[in-house]
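Just below is one structure, and these are the notes that go with it.
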Amino acid sequence: MRRIIYARALTNLRKFFDDELTITRDSIEFIGNGFVDSIEFDSALRSASTLDPEPASVILTDSLRLYRGDFLEGFHIRDAPDFEDWMLTERARLRELALGALHMLTHFHTSHGNFSEAMTHALRLLSFDPWREEAHRQLILLQARTGQFSAALAQYETCKKILEKELGVQPSLETTALYERIRSARQAARHNIPASSTEFIGREKEVANLRRCLADPACRLVALTGLGGIGKTRLAQETARACTNMFINGAWMIPLAAVDADGLVPAIGNVFDFPFTKGDTKKQLLNFLRQKELLLVMDNFEHLLESSVLVSDILQAAPELKILVTSRERLDLEGEWVVELLGLESGSMGADQLFVQSAKRARAEIQFGEQESVAVADICRLVGGLPLGIEIAASWIRSMSVEAIRDEIQKSLDFLASSRRDVPERQRSLRAVFESSWARLNDTEQKTFAAFSVFRGGFTREAAEAVAGKFDSLLDKSLVSRNGERFELHEVTRQFAEEKLSARKKVRNTHAAYFAKWAGERAQWNERMSFAQMTREFENVRAAWMWASEQKDVASLSGLVHFTKRYFDIQGRYREGYDLMERALVRFGEAGGVGSLPTDDQGRVIAKLILYRALFLADMGKPDEVVPTLEECLAYFRGVGDKTQIMACLNALGIASRFLGLEDKGEGYFRGQLEMARELGNRHEEATALNNISTALTTLGKNAESEQVLRECLALRREMNDEAGISSTLINLAVTLFNQERYEEEKPLLQEAIEISRRINQPRNLAGALGNLGTILLKEKNYTGALELFLQGLETHRNTGYRYGMSIALDNVGTAHFHLGNEAEALYHLKQSIREARDIKADFIALDALVWVAGIRARRGEFERAFELFGLIRHHSKTDPETLQTIVALTPEFIAGVSMETVRAAEDRGRTRSLSDIVEEILQAG
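Adding 1242 to a residue's 1-based position in the sequence shown gives its number in the numbering used here.
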């Protein structure tokens, strides 16, 4: 029968394909030019594998059009098992080739920033292989990078359902982590790139090139180098704007022209409104950036090259982060891609168009004929195509013809070329523009312009006129620019002005005196109301401080010191504050301690510097080192009768005592602070003292007494309309009520604290209140509501970088997911909590998170491993009483069906193990 079937098949083949086939007793071979899609597909993919990615992508795209489904789909031959085996093998092989090609194309287009094309291939890949988790993850990432956050989150849910239904597994930790990053970034701002009031001209190719570099997975750091005034900042802004959607957390610009090495870490943090806390600010910043996928643009880095190790540290800590640096010099770091920016090409449309645009802003009615166009091209050539030079030259159009402008620049250029041959050509050209501008200023304008060089980070009209004089004419000449209500000099312009400043000491003294008076008037403001103003002017305050320290100017330092302390306290920049105090004390030659200081103005200022230096050291986690100094300061200020500083000493000694576990002693200092505040009628200090007393009482377990003190504090702060203080007091009061299990009374307090904290931008209080309210919902078994609050609190803590709060919030989120049955999400957050707790040495948080890890193990049937964890937790000295109560509540759920002998043996093993070993074991597990 088989021979008959075989003979009929051969007859049919000869009938239809006689010219295309050679048929023998053992084989059938194609000999014609017939087209076979599977052969073409196979051949094309083999060819592509030998090519570079770009030409290979073209071949892969074309060849995938041939793959419209499985090989010989729907085709069957009865009683032909060998054929079936071959067909299935070939089908699987071709399918894997297609999936591999789709994966390669997805990766290729992603790495080139072509996200729409990449999504097309990722979607097709999933249509063939819907349970491929890596493809889901890639699609989620692409959707996020194109701003489709809702679609990305929905895709995660789709992935989760498919994996659970088809494979019986949860998404991997990597996929869950990506989901969390996107969810966290969804509501956050995506960039801080300032809107430009002028058209971007002449650098479109450079933007495209930089975007290609930043899209390349191999590129993490780009240094955009070039002379001052070449247009690096504007190009970086436009590049960042074009790259915002390439990064889940967007693109962020950090202006560094007015920042010194000590201020670099805070400057980066300030861009994200990151309030540093006690401890190492660099570590806090790196931890904040660790989970971010974003572009950092560090603008004007050339004076910070010795601090470039921070750039490497950031890239190492945050693997999904990229950095674009603008600098006159390369950073010379490993992995750095250098892009040198040259001037706009002379005679190019870009250079000429920039001049015309700038000139029309100065004189809207001006027209450019052939003669003027030739002069414009000459000007662009003379200034080396530098955009800043072109714009300044064009601003003269109000009073000069284009030809006259060219002639003026030519004169200065000839002079400069003969006298300064050591200066590079383009720098000579820019200097020619400045020299020409300088020559056209009258004496008063020259003095004012030069005096502006002492300002840092911009200035107000009031400050400018007090320090330098009237300056409207300089605005007209484009030497000073307006930014809202503030004014500023381009950094290159400022450096030129500084060279021209002959009366340096007099102007610096005036600048320091002005900002000392300004700071003294604002030091007592409500910190949240004045914080934005404090931040805008702080670089000027710092410059005033540095000069006053150098000159040993007691009067200016006296006005600056309290403001400076307050500002660094709010920011949590304790190391920076300590260094500034230390710098001033070195200039005064401090020796012999506080007790040997005179009681005159200089002695009092030095004593304040010593006191505030000690306070910063205490805030850096070294309270035991500063207590003797604080006691000396207290004695000194009591001797001179400075009650304001006496209260500061009492407050500091109370806090230091609490850190050292001496709650009773701390309460005594706080009560002394309270007594003096009431004597002076200083209501702000009175409220601060009451709040401190309540915290000590709560720690001592005196919740009822603490509640009474807090209600008095709350009433006082409501009278003063001190919203920041009200928020803090409400949260502390809620804690005392929680400890007394008065949950219904606690809720409205927390809701009010949340509303206030959101309104006045008080992130740490907001996160604390959300977490406390979520804990109440957890006790009420409203797990979904609790999870939402915990997630909000976690996001807020992440944005502020408060690691203690993050660790607790992660534990809370994991707990809520556990109760909701979301095993993968629970384990992900619990492991993150344990990692944070390990790093900050908060063992009690890690132990609480381990309870829920044990719960997950028990649900998986790993009972011995679960009870081993319970054994560790039950007998550890750092375990919180509430954590022990949780174990008691959970044990009945998991003990059913497990013998008591097994439970006891597992717990005995657990109690002999170290917490650190178990933590490392859990963190290293997949």
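The C-beta atom is built at its ideal place from N, Cα and C for all residues, glycine as well.
Do you know whose CA, among Glu1446, Asp1843, Leu1799, lies nearest Ala1826's CA? Leu1799
With a threshold of 16 other CB atoms inside 10 Å of the CB of Val2145, please say whether the residue is buried or exposed. Burial call: buried.
I think Tyr2046 touches Ile2098, with their Cβ atoms under 8 Å apart; what is that distance to the nearest whole Å? Going by Cβ atoms, the distance from Tyr2046 to Ile2098 rounds to 24 Å, so no, they are not a contact pair.
Rounded to the nearest angstrom, how far is the Cβ of Leu1872 from that of Ala1894, given a contact under 8 Å? 5 Å
How many whole angstroms separate the CB atoms of Leu2157 and His2118, which I take to be in contact at a CB cut-off of 8 Å? Confirmed, Cβ separation roughly 6 Å.
Three-state class that DSSP yields for Thr1266 in the structure shown: coil
Local Cβ density within 10 Å of Lys2176, reported as buried at 16 or more and exposed below that: The structure shown has nothing for residue 2176, since the chain only spans 1243 to 2168.
Using the rule of at least 16 other Cβ atoms within 10 Å of the residue's Cβ for burial, across every protein chain shown, is Phe1210 buried or exposed? Absent from the model: residue 1210. The displayed extent of the chain is 1243 to 2168, so no value can be given.
Does the Cβ-Cβ distance between Leu1563 and Leu1531 come in under 8 Å? yes
Unbroken beta strand (DSSP E) run spanning Leu1538, endpoints: Start and end: 1537–1541.
DSSP bridge partner residues for Lys1564 (one or two, in chain order): DSSP output for Lys1564 lists Leu1537 as bridge partner(s).
Can you have a look at Val1278 and say buried or exposed, based on whether 16 or more other CB atoms are within 10 angstroms of its CB? exposed
Answer with buried or exposed for Asp1866, where buried requires no fewer than 16 other C-beta atoms within 10 angstroms of its C-beta. Burial call: exposed.
Determine the contact status of Ala1465 and Ser1615, defining contact as a CB-CB distance below 8 Å. no
What is the DSSP secondary structure of Phe1729, counted as helix, strand or coil? strand
Sequence-distant residues of the same chain with beta carbon closer than 7 Å to Leu1347, five excluded per side: Ser1299, Leu1302, Thr1303, His1363
Got a sec, what are the start and stop residues for the alpha helix (DSSP H) Ala2091 sits in? Start and end: 2085–2101.
Contact belief for Leu1463 with Gly1577 at Cβ below 8 Å, rounded distance in angstroms: Confirmed, Cβ separation roughly 6 Å.
In the DSSP assignment, what are the bridge partners of Pro1497? Paired residues: Asp1541.
Pro1629, buried or exposed, once every other Cβ within 10 Å from all chains shown has been counted against 16: buried
Assess, as a yes-or-no matter, whether the region 1753–1763 is touched by the region 1631–1647 under the definition of 3 or more beta carbon pairs within less than 8 Å. no
Give the single residue among Asp2150, Arg1750, Ser1414 whose Cα lies nearest to the Cα of Glu1399. Checking every option, the nearest Cα to that of Glu1399 belongs to Ser1414.
Touch test, the region 1478–1485 against the region 1589–1598, Cβ-Cβ under 8 Å, three pairs minimum: Too few Cβ pairs lie closer than 8 Å, so no.
Range covered by the alpha helix (DSSP H) that runs through Glu1571: Segment: none, Glu1571 is in no alpha helix (DSSP H) and carries neither H nor E.
With a CB to CB cut of under 7 Å and the five nearest residues on each side skipped, what residues in its chain are close to Ser2075? Correct list, in chain order: Ser2049, Leu2052, Asp2053, Gly2056, Ile2087, Ala2091.
According to DSSP, is Ser1723 helix, strand or coil? strand
CB-CB length for Val1567 against Trp1494, believed under 8 Å: Not confirmed; about 13 Å, so no contact.
Going by the CB atoms, is the gap between Gln1950 and Ala1931 shorter than 8 Å? Taking 8 Å as the Cβ cut-off, Ala1931 and Gln1950 do not qualify as a contacting pair.
Rounded to a whole number of angstroms, what is the C-alpha to C-alpha distance between Gly1673 and Cys1622? Sequence inspection shows Arg at residue 1673; the Gly mentioned does not correspond to that position. Near 14 Å, if we compare the C-alpha coordinates of Cys1622 and Arg1673.
Assess contact between the region 1836–1850 and the region 1875–1888, defined as three or more Cβ pairs (one per stretch) separated by less than 8 Å. Is contact present? yes
Go to Ala2108, then tell me how far its beta strand (DSSP E) extends in each direction, as first and last residue. Per DSSP, Ala2108 belongs to no beta strand (DSSP E); it is in the alpha helix (DSSP H), 2105–2117.
When DSSP labels each residue in this structure, what does Phe1697 get in the three-state scheme? Looking at Phe1697 - three-state DSSP - the assignment turns out to be coil, as it is neither helix nor strand.
Range covered by the alpha helix (DSSP H) that runs through Val1749: Bounds of the alpha helix (DSSP H) holding Val1749 are 1746–1764.
Where do the ends of the beta strand (DSSP E) carrying Leu1477 lie? Counting along the chain, Leu1477 falls outside any beta strand (DSSP E), though it belongs to the alpha helix (DSSP H) covering 1474–1485.
At a cut of 8 Å, does the region 1943–1962 reach the region 1919–1928 through at least three beta carbon pairs? yes
Less than 8 Å between CB atoms is the rule here; does Asp1312 satisfy it with respect to chain C? No chain C is present in this structure, which holds just one protein chain.
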